[in-house]
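Single-structure report; data block below.
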Amino acid sequence: MNSQEKEITYTTRNSYSTLNTLTEQTKTVWLVCHGMGYLSRYFLRYFKNLDAKENYIIAPQAPSKFYIQPRMHVGANWLTRDQTETSMDNILNYMDAVLDAEQIPKDIKLIVFGYSQGVSVAMRYLAKRKLRCNQLVLHSGGIPIELKADDFKYLSKATKIKLIYGTEDEYLNEARIEIESKRAIELFGKQVEFIPFKGKHVVNVSYINNLV
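Under our numbering, the residues of the sequence shown are numbered 1315 to 1526, in order.
In structure tokens, the structure reads:
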């Protein structure tokens, strides 16, 4: 048996979702990366209470969709352990295309928000593309082990880094929270603000509404 795994390059298509309208009244643009099992159009629900005139939300869509048992709802996944680097390269190109299509004004505030699996995607995108933002919000997710402090030196000292997590998160026990907290300090030093809340692995909407 002579089995080989080969690689090709091809053109693909993917959607993304937005909430509200980008106008001259817009003060803040959000780039939000959902967690595993979400679809971008449904993830936007967590941002619906933000002032529609002042906030414009862009939600990229994870490329790999699957059925969630038992009701067979459709969810999506960003990355797996298999061919992570290649998959991330594809995501980088996709995110580039999203931002190119949206043409975000340079003088507008930008919040990059990652939830759960979306944390690793958001952080890798910033590290690779050196995207400047006013806030980086890491909500209930893990920091990729390969990232170093040098990857984020380009960020302004005024950039707010916030790490949000539930103290009863079923995926983040005390040991894991300690590890992620140390990693955040290694990367961002005193810039990082820790924001725990009493709750499980859920999106904290009240905290989202207080980010602007």
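Backbone N, C-alpha and C fix where the C-beta goes; we use that ideal spot for every residue, glycine too. Remember, it's a predicted structure, so these values are computed and weren't measured experimentally.
> For Ile1341, does the count of other Cβ atoms within 10 angstroms reach 16, so buried, or fall short, so exposed?
Replying inline: Start at 1 with the first residue of the sequence shown, and residue 1341 comes out as number 27. Residue 1341 is actually Lys in this sequence, not Ile. Exposed, because fewer than 16 other Cβ atoms sit within 10 Å of the Cβ of Lys1341.
>> Give me, in chain order, the residues of the same chain whose beta-carbon lies closer than 8 Å to that of Gly1480; leave out the 5 immediate sequence neighbours on both sides.
In response: Against the sequence shown, residue 1480 aligns to sequence position 166. Excluding sequence neighbours, Gly1480 sits near Ser1454, Leu1486, Pro1510, Phe1511, Lys1512, Gly1513, Lys1514, His1515, Val1516 and Asn1518.
> Using DSSP with H/G/I as helix, E/B as strand and the rest coil, what is Lys1378?
Replying inline: Start at 1 with the first residue of the sequence shown, and residue 1378 comes out as number 64. Residue identity differs from the one stated: residue 1378 is Ser in this sequence, not Lys. DSSP places Ser1378 in strand when its eight states are reduced to three.
>> Here's the rule I'm using: 16 or more other beta-carbon atoms within 10 Å means buried, otherwise exposed. How should Ser1354 be labelled?
In response: As a working note, residue 1354 is residue 40 in the sequence shown. The residue is buried, with at least 16 neighbouring Cβ atoms inside 10 Å.
> Once you ignore the five residues that flank Ile1457 on each side, which residues in its own chain have a CB closer than 8 Å to its CB?
Replying inline: Against the sequence shown, residue 1457 aligns to sequence position 143. Excluding residues within five positions, the ones whose Cβ falls inside 8 Å are Val1433, Ser1434, Met1437, Glu1494, Arg1497, Ala1498 and Leu1501.
> What are the boundary residues of the alpha helix (DSSP H) that Thr1400 is part of?
Replying inline: Within the sequence shown, residue 1400 is the residue found at index 86, counting from 1. Its alpha helix (DSSP H) spans residues Thr1398 to Glu1416.
> Straight-line CA distance for Phe1361 to Ile1522?
Replying inline: The residue you call residue 1361 lines up with position 47 of the sequence shown. The residue you call residue 1522 lines up with position 208 of the sequence shown. The alpha-carbon atoms of Phe1361 and Ile1522 are separated by roughly 7 Å.
>> Could you pull the DSSP bridge partners for Phe1511 from this structure?
In response: Stepping through the sequence shown from its first residue, residue 1511 is reached at position 197. Bridge partners of Phe1511: Gly1480.
> Whose C-alpha, out of Ser1401, Asp1410 and Pro1384, is nearest the C-alpha of Asn1391?
Replying inline: As a position in the sequence shown, residue 1391 is number 77, starting the count at 1. Among Ser1401, Asp1410 and Pro1384, the Cα nearest to that of Asn1391 is on Ser1401.
>> Do Val1346 and Ile1422 count as a contact pair if the criterion is CB distance below 7 Å?
In response: Here residue 1422 corresponds to residue number 108 of the sequence shown, with the count starting at 1. Here residue 1346 corresponds to residue number 32 of the sequence shown, with the count starting at 1. No; because the gap between Cβ atoms is not below 7 Å, this pair is not in contact.
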